[in-house]
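Down below is the structure, laid out as structure tokens.
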Amino acid sequence: MNTAQRTPTPEDLDTLSRQLGRPVRDVVEIGARCVCGNPLVATTAPRLGNGIPFPTTYYLTHPVITAAVSRLEAAGVMTEMTERLESDAELAVAYRRAHEQYLAARDEVGHRAGIGDVPEIAGVSAGGMPTRVKCLHVLVGHSLAAGPGVNPLGDEALEGIAEWWTADRCYCAGAWDVEGAAPARDLSRHTRTQGLSAHELAAKKARRSVSKESSDGDDAGAPQTPAGGVIS
Ligand SMILES: [Zn+2]
């Protein structure tokens, strides 16, 4: 994809959060898109905003594809693939090349995101590469982001889900909840108040009323009882 297609828009991030049912973080690019333009794969920075190294670059987000890949996993495809890697030298070589490409692509993502090298995860890819198959979602995410011919087992898994999903069609309608607000930071901010002590809540409330006087800001972060009343 070109830079414009890769760059996530606010709408893309909203869609990703709806697809996953939680707010997304540290997504720096869209790895693959549906024919309609919706994200299929979120590309996460190799170092998260909190500093933690993150080896799994491509994350499958489209519910139709993730469910289809889960069916393949449940059918025992990963064991069968891992056994073939031990007996089929040609496949093993191609899979190792996929691993190397994954690492190179992740380096590029890191540099485009301004993060640079992440030595902690040098040589570590994902999904079991280069010698095993531990997560088909990872391999399919890689195949969708890299295009056909890069990850042989990701490509195979994509062929394996063809009765449920193919790249030439849009399966987005009804695939995730589009009503109401997307899972967002506001929700996580609210969640954060759950673990606070009474003292911390009182301090938070005091800060809010100060800012309210100056800006008449909303009180979306106010701790609520289950009945909706504000805790006093
Ligand atoms: Zn679509």
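Just so we're aligned: the sequence shown equals residues 22 to 253 in my numbering.
Glycine is no exception: its CB is placed at the ideal position from the N, C-alpha and C atoms.
Keep in mind that this is a model prediction, so the values were computed, not measured.
task = May I ask you to report which of helix, strand or coil DSSP gives Ala126?
result = Judged by DSSP in its simplified three-state form, Ala126 adopts helix.
query = Any heavy atom of ligand 1 closer than 7 Å to the Cβ of Val85?
reply = No, the Cβ of Val85 stays beyond 7 Å of every heavy atom of ligand 1.
query = Is Val56 near ligand 1, judged by its Cβ being under 7 Å from some heavy atom?
reply = True, at least one ligand heavy atom lies under 7 Å from that Cβ.
task = Return the chain-ordered list of same chain residues with a C-beta closer than 7 Å to the C-beta of Gly250, the five sequence neighbours on each side being excluded.
result = Low confidence applies to Gly250: its pLDDT is 36, below 50, so where it sits in the model is not reliable enough to give any reading.
Distance between Tyr79 and Asp128 (C-alpha atoms, nearest Å) = Cα-Cα distance, rounded: 13 Å.
key: Val48 - partner residues in DSSP beta bridges   = Beta-bridge partners assigned by DSSP to Val48: Thr65.
query = Can you tell me the Cα-Cα spacing of Thr187 and Met22, whole angstroms?
reply = Between Thr187 and Met22, the alpha-carbon positions lie close to 18 Å from each other.
ask   = Say the cut is 7 Å; is the CB of Asn172 nearer than that to a heavy atom of ligand 1?
value = For ligand 1, not one heavy atom lies less than 7 Å from the Cβ of Asn172.
request  = Return yes when the Cβ of Val130 is within less than 8 Å of the Cβ of Arg68, no when it is not.
outcome  = No, these two residues do not count as a Cβ contact at 8 Å.
inquiry  = Please list the terminal residues of the continuous alpha helix (DSSP H) segment that includes Ala25.
reply    = Its alpha helix (DSSP H) spans residues Thr24 to Arg27.
task = State the Cα-Cα distance for the pair Glu50 and Asp109, rounded to the nearest angstrom.
result = About 35 Å.
task = Output yes or no for whether 8 Å exceeds the beta carbon distance between His120 and Met99.
result = With a cutoff of 8 Å on beta-carbon distance, His120 and Met99 are scored as not near each other.
request  = State buried or exposed for Gln40, treating a residue as buried only when at least 16 other CB atoms are found within 10 Å of its CB.
outcome  = With 16 or more other Cβ atoms within 10 Å, it is buried.
Whole-number beta carbon distance between Ala53 and Leu165, since they are thought to touch under 8 Å = Indeed, because the Cβ distance is near 4 Å, the residues count as touching under 8 Å.
request  = Out of Ala126, Glu104, His158 and Gly168, point me to the one whose CA is closest to Ser91's CA.
outcome  = Of Ala126, Glu104, His158 and Gly168, the residue nearest in Cα terms is His158.
query = Taking the DSSP output, what are the residues bridged to Ala53?
reply = Val62.
key: Close Cβ partners of Gly170 (< 8 Å) along its chain, the five nearest in sequence each way excluded   = Closer than 8 Å at Cβ, skipping near neighbours: Asp176.
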